[in-house]
Amino acid sequence: MILDKVKNLVMKQSSPVKSKNGSNRLMSFDLFYQLSYMSTIASAGVPRDQIFERSAELQCSSAEYFKRVELARKRLKYDYARACRAVGEPLEEEEVKGLLLRFSSSLISGEPEADFLVREAKARAEDYENEYGRHLESLKMWTDAYISLVLSAVLVVVIGIVSTMIWQIQTSLIVAMAFISVATTTVGVWLIWVVSPKESTILKWPGSDEQKLLNKLFKPTLIAVVVIGGAFMAMGQNLGTALLLIAVVVLPIGFIAMKDERKIVKRDAEIGTFLRSLGGVCTALGTTVNSALARLDLDAINVLRTTVKRLHTRLTAGIRSKLSWGIFIDETGSELAHRSVGMFYDAIEVGGSAGQAGQQAAFYADKVALLRARRRTVSMPFRWLCLTMHAAVVLILVFITEVIVAFGGMVGRAQEAMPSVSGAPSIASLSSFNLSGLDIMHNLVIPLVLVFTIANAITPSLAEGGSKYKILSNLGMTSAISGIALLALPMLAETLFESVAKF
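Those letters in the sequence shown? Residues 7 to 509, by the numbering used here.
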């Protein structure tokens, strides 16, 4: 009877996790953090109930399951071993299920929580590194596949355009070719999204100055883009001008996002070293964090120098430690800093060794930072390859279309100017040029250019991860390329055939 209540309780609590975190796509990343935090807190020697209570309060998807453990213990009066088993057995997430069942067995056997959690944290770190590496290998393969898919999509369209010169193809076939091109590109974007490692790099709230500025400017920028696009479409103006205006609007936002991203990358690389040094000084001198900060050579800190100096100033001025560290986290704008500093501060707050807490927090921060550095070796070349490919694809697509349209126009004018002779075949009967099909394909080129512009802006951001605002940087560049192509290439093709007509 009681077990049925627990199962019902677990089922009721399971839906928020999936809806809130998109079917637990961040579970692997969050579980690594969860175990690192729990091992750091447990090593401080805190009671069992505080380990579970603090773990349940973490802002990550895996913390939801420890909330259920707390709920089962408080409402159903279970001990922690039985609560872990009751919550873990019905779960579908194998990683969390295995962890809770192992934790239950460890608690029943009498093994100290700290020993179990430290062992699990190390094992999870290795598993996460291996899993991340597998994702990167898949990402390498599928980035190459994405380039091939987009080029294949363009080839399909080019074949359709050239086919109008050879045979009278049906309208449905022309539309089908364009649809195949769009579908192929969409599948490529989806595949990159699926194989990319899922992780949080920036704070969930605006923290750094750049993030606050982005949060203020994003909605006005989005409205401006919609207004510009809608106005040009309603007036029937050249879409190339609209794309150039959109590029001018979104590029500053994208530049700010990329600037913030570069700063966060440098801060993430240094946060582990800072926490390790701070914890070591605290342990060596047997003093508080504020006193240890005073003994550190702050000028020796590179990227975090200004932020750490501000932290020291706040602590010296008597501002509460938790508030001071919270402001420090906001100034970094980094989710990794938020998590690593959080486990370091909480361990010290409950009376743990600053040196040990600094070592464990630094291990977590350095591991994640190094894995992200490996990811950038894949994503950054792919980003520039996508932009280069986009320029080539749009140039080929627009130029070939304009050249064939101009040539078709010359053929049409020749048909009109040719005098008709009774009994003689007309030029139309000798030519297989499909002028109506060419007009349809010419009208479909603009939507295809828009699809490629958006897809080639989104895909590099998915591969790289990080802030969603970085898409605007790529969108600004792809829009500028597409806009220039739509404005310049038709004039170039017209000039080319005017010079030919003179001869």
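For each residue, glycine too, the CB sits at the ideal point set by N, CA and C. Predicted, not measured: the structure shown is a model, and the values here were computed from it.
Cβ neighbours of residue 122 in the same chain (closer than 6 angstroms, five flanking residues each side left out): 112
When the Cβ atoms of the segment 470–480 are set against those of the segment 252–271, are three or more pairs found closer than 8 angstroms? yes
For the alpha helix (DSSP H) that contains residue 84, what are its first and last residues? Premise fails: residue 84 is in no alpha helix (DSSP H) and is neither H nor E.
Report the three-state DSSP secondary structure of residue 206 (helix, strand or coil). coil
Residue 385 bridges to which residues according to DSSP? Answer is none; residue 385 lacks a bridge partner.
Pull up the distance between the alpha-carbon of residue 287 and that of residue 92, whole angstroms please. 43 angstroms
Are residue 213 and residue 335 touching if we call contact CB-CB under 8 angstroms? yes
Residues in the same chain with beta-carbon distance under 8 angstroms from residue 164, minus the five sequence neighbours each way, listed in chain order, please. 402, 403 and 406
According to DSSP, residues forming a beta bridge with residue 340: 208
Below 8 angstroms, can you find three or more Cβ-Cβ pairs linking the segment 186–203 to the segment 148–162? yes
Give the straight-line distance between the Cα atoms of residue 262 and residue 274, rounded to the nearest whole angstrom. 18 angstroms
Between which residues of its own chain and residue 454 is the CB-CB distance below 8 angstroms, once the five residues before and five after are set aside? 163, 184, 187, 188 and 403
Would you give the residue range spanned by the alpha helix (DSSP H) that residue 217 belongs to? 215–241
At the level of alpha carbons, what is the spacing between residue 303 and residue 220? 33 angstroms
Can you check the segment 175–203 for any alpha helix (DSSP H) of at least 4 residues that lies completely inside it and give the ranges in chain order? 177–201
Taking residue 310 as the reference, which of 284, 277, 321 and 339 has the closest Cα? 277
Alpha carbon to alpha carbon, how far is residue 358 from residue 346? 15 angstroms
Leaving out the 5 sequence neighbours to the left and right, which residues in its chain are closer than 8 angstroms to residue 107 when beta-carbon positions are compared? 90, 91, 94 and 95
Can you tell me whether residue 166 is buried or exposed? The criterion is at least 16 other CB atoms within 10 Å of its CB, across all chains shown. buried
Give, in chain order, every unbroken run of the alpha helix (DSSP H) that is at least 4 residues long and sits entirely within the segment 452–508. 476–508
Supposed contact pair residue 46 and residue 243 - C-beta distance, whole angstroms, cut 8 angstroms: Between residue 46 and residue 243 the Cβ distance is about 60 angstroms, and since that is not below 8 angstroms, they are no contact.
Could you have a look at residue 252 and say whether DSSP puts it in helix, strand or coil? helix
Taking only the alpha-carbon atoms, compute the straight-line gap between residue 73 and residue 337 and give it to the nearest angstrom. 30 angstroms
Complete runs of the alpha helix (DSSP H) confined to the segment 52–127 [at least 4 residues]: 54–62, 69–82, 86–94 and 100–115
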